[in-house]
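Asker:
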Amino acid sequence: MDEVFVVDRQIKRFSTGQVLQSISSRALQETPGLLTDVLQENTPIFFKQNGYGMVSSPSFRGTTAQQTAVVWNGFNINSQFNGQTDFNTLLVDGFDELSVRPGGGSVIYGTGAIGGSIHLKNELKFNGETNVNLSARAGSFSTFQNLLKASTSSDNWSLSVALSRISSENNYDWPETDRQNINGQFEHYNANLSLSRKLDQNNRITYHGMYFNGDRNFSLVFRSDTPSNYANEDHRHMLEWESRFSEVKSVFKLAYFDEFSEYTANVNTPRPTGATAQKALARYSLFYTYNNFDFNVLSEYNYSTADGDNVLSESRTIASFAFLSKYHWDDLTAELSVRQEYSDVYDSPFLFSSGLNYEFSNHVAAKVNVSKNFRIPTFNDLYWEGSGRTDLLPETSNQAEASLIFSDTKEKYQLSFTGYYNDITNLIRWIPNTENIWQPENVDEVETYGLEANFRSQLQYGEHKLRINSLYAYTISENKQTGFQLTYVPKHQFKNNLTYEFGRFSTKVQNLYNGEVFTRANNSEGDILEDYMLWNASVSYLFPELLDLKLSFQVRNISDTPYQTVENRPLPGRHFFIQTQLNF
29 MDEVFVVDRQ
39 IKRFSTGQVL
49 QSISSRALQE
59 TPGLLTDVLQ
69 ENTPIFFKQN
79 GYGMVSSPSF
89 RGTTAQQTAV
99 VWNGFNINSQ
109 FNGQTDFNTL
119 LVDGFDELSV
129 RPGGGSVIYG
139 TGAIGGSIHL
149 KNELKFNGET
159 NVNLSARAGS
169 FSTFQNLLKA
179 STSSDNWSLS
189 VALSRISSEN
199 NYDWPETDRQ
209 NINGQFEHYN
219 ANLSLSRKLD
229 QNNRITYHGM
239 YFNGDRNFSL
249 VFRSDTPSNY
259 ANEDHRHMLE
269 WESRFSEVKS
279 VFKLAYFDEF
289 SEYTANVNTP
299 RPTGATAQKA
309 LARYSLFYTY
319 NNFDFNVLSE
329 YNYSTADGDN
339 VLSESRTIAS
349 FAFLSKYHWD
359 DLTAELSVRQ
369 EYSDVYDSPF
379 LFSSGLNYEF
389 SNHVAAKVNV
399 SKNFRIPTFN
409 DLYWEGSGRT
419 DLLPETSNQA
429 EASLIFSDTK
439 EKYQLSFTGY
449 YNDITNLIRW
459 IPNTENIWQP
469 ENVDEVETYG
479 LEANFRSQLQ
489 YGEHKLRINS
499 LYAYTISENK
509 QTGFQLTYVP
519 KHQFKNNLTY
529 EFGRFSTKVQ
539 NLYNGEVFTR
549 ANNSEGDILE
559 DYMLWNASVS
569 YLFPELLDLK
579 LSFQVRNISD
589 TPYQTVENRP
599 LPGRHFFIQT
609 QLNF
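Sequential numbering from 29 applies to the sequence shown in our numbering.
(1) For LYS153, tell me which candidate among ILE456, ASN524 and ASP183 has the shortest Cα-Cα distance.
(2) By Cβ distance below 6 Å, which residues in the same chain neighbour VAL202 in space, the five residues on each side in sequence not counted?
(3) Since ILE586 and ALA166 should fall inside the 8 Å C-beta cutoff, what is the C-beta to C-beta distance between them, to a whole number of angstroms?
(4) DSSP on VAL66, reduced to helix/strand/coil?
(5) What is the C-beta distance between ASN551 and GLN521, in whole angstroms, given that I count them as a contact (C-beta under 8 Å)?
(6) Report yes or no: do the region 483–491 and the region 451–463 share at least 3 C-beta pairs separated by less than 8 Å?
(7) On the three-pair Cβ rule with 8 Å, is the region 127–142 touching the region 165–180?
(8) DSSP three-state call for LYS40: helix, strand or coil?
(9) Between the C-alpha atoms of LEU352 and PHE323, what's the straight-line distance to the nearest angstrom?
(10) Between ARG89 and the rest of its own chain, which residues show a CB-CB distance below 7 Å, the 5 nearest in sequence each way excluded?
(11) For ILE465, count the other beta carbons within 10 Å of its own beta carbon; 16 or more makes it buried, fewer makes it exposed. Which is it?
(12) Is it buried or exposed for PRO600, if we count other Cβ within 10 angstroms and need 16 for buried?
(13) For the pair the region 373–380 and the region 398–406, tell me if three or more CB-CB distances fall below 8 Å.
(14) Taking Cβ to Cβ, would you say ALA219 is nearer than 7 Å to TYR239?
(15) The beta strand (DSSP E) with GLU58 in it runs from where to where?
(16) Which two residues bound the contiguous beta strand (DSSP E) that contains TYR355?
(17) Among the residues of its own chain, which have a CB less than 8 Å from the CB of THR44, if the five just before and after it don't count?
(18) Who are the Cβ neighbours of PHE273 in its own chain at under 8 Å, not counting the five residues just before and after it?
(19) Let me know the beta strand (DSSP E) ranges lying completely inside the region 148–199, each 3 residues or longer, listed in chain order.
(20) Could you spell out the range, first to last residue, of the beta strand (DSSP E) harbouring LEU267?
(21) Looking at the structure shown, is ILE606 part of a helix, part of a strand, or coil, going by DSSP?
(22) Put GLN488 into one of helix, strand or coil per three-state DSSP.
(23) Return the residue from the list THR593, GLU204, THR304 and ALA481 that minimises the CA-CA distance to SER431.
(24) What residues in its chain sit with their C-beta under 6 Å from that of ARG584, if we drop five residues either side in the sequence?
(25) Pull the bridge partners of PHE512 from the DSSP assignment, please.
(26) In this structure, does DSSP put PRO72 in helix, strand or coil?
(27) With a Cβ-Cβ cutoff of 7 Å, do PRO86 and PHE75 count as a contact?
(28) Check for me: the alpha helix (DSSP H) holding TYR591 runs from which residue to which?
(29) Using three-state DSSP, classify ASN408 as helix, strand or coil.
(30) So what does DSSP say about GLN95, is it helix, strand or coil?
(31) Can you find the residues in the same chain that come closer than 8 Å, C-beta to C-beta, to MET29, ignoring five residues on each side of it along the sequence?
(32) Express the C-alpha separation of ASN70 and ALA501 in angstroms, rounding to a whole number.
(33) If you draw a straight line from the C-alpha of ILE496 to the C-alpha of GLN46, how long is it?
(34) Expressed to the nearest angstrom, what Euclidean distance is found between the alpha-carbon atoms of TRP185 and ARG225?
(35) What residue does the beta strand (DSSP E) around SER289 start on, and which one ends it?
(36) Quick one: Cα of LEU221 to Cα of LEU227, how far?
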């Protein structure tokens, strides 16, 4: 097997009691577009979109957008300003793997990992091979996407580069109306660079870099609305030194993140307002294996600053310490992990995570996990000019989940059921005070619970291959004070992916169902977005030439169904894409 160097070492090693989902590089290239596109087709995460390509925020197991962490090569990259990631500002086909970790993860990944975490990973191989992938995609609404991905290596060094771009006029018709999406054009660029060098048999230096540049207008609700624009630029850099000594592995990381955004309320008379934030991190991890024990001691120092037209110029420091441990018996694996943070602007709770994996037989296994997680106040919460409050408490979450997994020894199928419960306190909401000024307060208490079922199967008869992936999610997310379901949280989701391959030919059919959602906190029956079912299909052919050339055609929303995930923000009806991929 090729030697593969993975930077995020904790996700698979210390996720006992939780069911992980991985989306491969091949799947990412076959489902090009934005991060929202990939996740809404393959996971139970619900996304609110203000139109295609516009602001996209997730609801993972009924939690808020700020309670889903996005992790890049082991580091949480949610915005310092609003505590979340806009999932339409990330192009994913340049990454090597995307992993989804449902449930709490704050012990390892810090703030925001309450509903779950999304992991973007770059892998480096030391196999002496050179690979190049070129991809071009064009489709409805003058949408164009391009990817160049290349890697090369020897026994001692490895290099990987990915450059991607997507743009669209985004002027789709609103189904069943005489309206068109206006002022929705966007253009995004993304670059990834990874380089690793083995200094000797026991030491390795690795660099990962990521650059994003986005420019988009915001779609208008009414023709008379003022056209606006939003531009943002992100730089992310990480340097790592790994050393191995027998059963001990030492990993020292330095990281620097810079985010810049600029909003123009009226593009006709531009007077932009902007903000910038920087974060520097130093992290040291020590891994130790002794007989059936795995240990990981982790310490991190985080210094962040922010400044902007509406945000006071401030800084904060965070120091954190974590201890992760796991023990293996014949059929049982047990894990216990703890974390404590110290900050100069808030008091952090003591966090823990405990999990069990037990194999009843070769066909049946069970997982259990309990944890306490948190989300810290953001720079907007603390320092928004005239409204921020520095006395806010972190949101805290106590949660438990249990899974039962049935599988075939030959991995022809897997069926899993997961039930979970999550109790969230000190939820931060922006509400008007006695002077009618909106300010953040720790006002809400929420409980979420539900059931997730996932079935995967792959069958092969000669050259005929069939893959099935189905999931169902039932989600209750209620305000404990009122008993009302939180807004934009569907109780029911159902998704199917069916792929058939014969020789060089393949076809795929998808359907996605989202139940109705409330748009008002009082669950008013007159303010509901109706449920909807979407159908997508694609067909592709791999040409039998010297070069690995693949041509694909895709149609989305086949039935031209009108639907919205945010009130008064219709999404596209039937539309088409054609894509070519060349590998050599």
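Built from N, CA and C at the ideal position, the CB exists for glycine as well.
Answerer: Looking at the atomic coordinates:
(1) ASP183
(2) A quick correction: the sequence has Trp, not Val, at residue 202. The residues are PRO598.
(3) Incorrect: roughly 19 Å between the Cβ atoms, too far for contact.
(4) helix
(5) 19 Å between Cβ atoms; not a contact.
(6) no
(7) no
(8) helix
(9) 6 Å
(10) PRO130, GLY143, GLY144, TYR448, ASN450, THR476, GLY478 and THR503
(11) exposed
(12) buried
(13) yes
(14) yes
(15) Careful: GLU58 lies outside any beta strand (DSSP E), inside the alpha helix (DSSP H) at 53–58.
(16) 342–356
(17) LYS354, THR361, ALA362, GLU363, GLY383, LEU384, ASN385, LYS395 and ASN397
(18) ASN230
(19) 151–153, 158–167, 171–181 and 185–196
(20) 256–273
(21) strand
(22) strand
(23) ALA481
(24) ASN564 and HIS603
(25) Its beta-bridge partners do not exist; DSSP assigns none.
(26) coil
(27) yes
(28) From DSSP, TYR591 is part of no alpha helix (DSSP H); its letter is neither H nor E.
(29) helix
(30) helix
(31) Confidence in MET29 is poor, its pLDDT being 46 and thus under 50, which makes the residue's placement too unreliable to answer from.
(32) 12 Å
(33) 22 Å
(34) 4 Å
(35) 276–292
(36) 20 Å
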